[in-house]
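With the first letter of the sequence shown counted as 1, position 200 gets the number 199 in numbering that gives the first Met the number 0; the numbers rise by one all the way through.
Don't be surprised by glycine CBs; every beta carbon is placed ideally from N, CA and C.
Predicted, not measured: the structure shown is a model, and the values here were computed from it.
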Amino acid sequence: MIDKEKFKAGLKETIDTIVFVIVAVIIIRFFVAELRWIPSGSMKPTLVEGDRIVVEKLTKYPNIINIHKFENTPKRGDVMIFYPPFVKLKVDPWSVFSRLTGFFCKDVAYIKRVIGLPGEKFQIKQEKDGAYRVYINDTPLNEEYIMSEYDFHRCRENMYCGPFIIPEGEYFMMGDNRGNSQDSRFWGTLPQNRFIGRAVFVFWPLNRLKILN
0 MIDKEKFKAG LKETIDTIVF VIVAVIIIRF FVAELRWIPS GSMKPTLVEG
50 DRIVVEKLTK YPNIINIHKF ENTPKRGDVM IFYPPFVKLK VDPWSVFSRL
100 TGFFCKDVAY IKRVIGLPGE KFQIKQEKDG AYRVYINDTP LNEEYIMSEY
150 DFHRCRENMY CGPFIIPEGE YFMMGDNRGN SQDSRFWGTL PQNRFIGRAV
200 FVFWPLNRLK ILN
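Next comes the structure, spelled out in structure tokens:
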């Protein structure tokens, strides 16, 4: 015979444990840090396919429905995780839950580097030697982290290559692999409320262990 009281007590303990784990996951993932993996080569050589990274969230506080707002605004050079502006974030209970916990979450997130800041004049120029360079306020940007100055998407009329002033509250994002990155050159500047967090550390594979600058 099954002891009903023991069964109820065991069931309650199991449910309590499950609830505790879910709440803990939400708190850690949404307020402290989360783990992500790199699916493409758009950030080579900084990040390669298969890298596992830590994304910190301590520099912002979240609106649990669909936006994140940073107390300390992203700086040039920060490697950021974000929802691109063309991705519509659903706000139904299941979508919010999956975004909070990461379970079965289908929202598309990108990883790129902050290149242009709000209020700056942005432009991409092709130099006489064939190299493509980013100019911020008419000054060439020193970018030692990129794959190549020569392997670049050629600027076309329907691309955002400038010159233009980046709107307030928005950022220009680019991949380090400039010849293989769908970034702000194709879909425009990124509103600040689309940021998820800042990539800070590669923890796997072990031979690629490093802090991201």
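#### Entry: CA nearest to the CA of F85, picked from P204, T188, L211 and N212
In the sequence shown, counting from the first residue as 1, residue 85 sits at position 86. Minimum Cα distance to F85 is reached at T188.
### Message
DSSP three-state label for Q122, please.
### Response
Stepping through the sequence shown from its first residue, residue 122 is reached at position 123. Strand.
### Task
May I ask you to verify whether the segment 49 to 56 touches the segment 86 to 101, counting CB pairs closer than 8 Å and requiring at least 3?
no
### Closest by C-alpha distance to E119, when choosing among A108, V113 and I135
Working through the sequence shown from its first residue, we reach residue 119 at position 120. Considering only alpha carbons, the answer is I135.
### Task
Counting only the same chain and skipping the five closest in sequence on each side, list residues whose C-beta sits under 6 Å from that of L140.
Residue 140 sits at position 141 when you count from the first residue of the sequence shown. Excluding residues within five positions, the ones whose Cβ falls inside 6 Å are V133.
### Task
Give me the Cα-Cα distance between I195 and Y82, rounded to the nearest whole angstrom.
Taking the first residue of the sequence shown as position 1, residue 195 is located at position 196. Taking the first residue of the sequence shown as position 1, residue 82 is located at position 83. Their Cα atoms are separated by approximately 7 Å.
### Message
Check whether the segment 155 to 171 and the segment 105 to 115 touch, using three or more Cβ-Cβ pairs below 8 Å as the test.
### Response
yes
### Any alpha helix (DSSP H) of 4 or more consecutive residues that is wholly inside the segment 84 to 147
Complete alpha helix (DSSP H) runs here, min 4: 92 to 100.
### Query
Between P44 and M173, what straight-line distance do the alpha-carbon atoms span, to the nearest angstrom?
As a position in the sequence shown, residue 44 is number 45, starting the count at 1. As a position in the sequence shown, residue 173 is number 174, starting the count at 1. Whole-angstrom Cα-Cα distance: 13 Å.
### Query
Where does C267 land, buried or exposed, given buried means 16+ other C-beta within 10 angstroms?
Within the shown structure, residues of the chain are numbered from 0 to 212, placing residue 267 beyond reach of any answer.
### Message
Output needed for E33: all residues of its chain with C-beta closer than 6 Å, excluding positions within five of it in sequence on either side, in chain order.
### Response
Position 34 of the sequence shown holds residue 33. Hits under 6 Å: V54.
### Residue from S147, K89, S94 and A108 with nearest C-alpha to S228
With the chain running from 0 to 212 in the structure shown, residue 228 is simply not present.
### Query
When you compare only the Cα positions, how much space is there between K127 and F163?
Position 128 of the sequence shown, counted from the first residue, corresponds to residue 127. Position 164 of the sequence shown, counted from the first residue, corresponds to residue 163. Taking the straight line from one Cα to the other gives about 22 Å.
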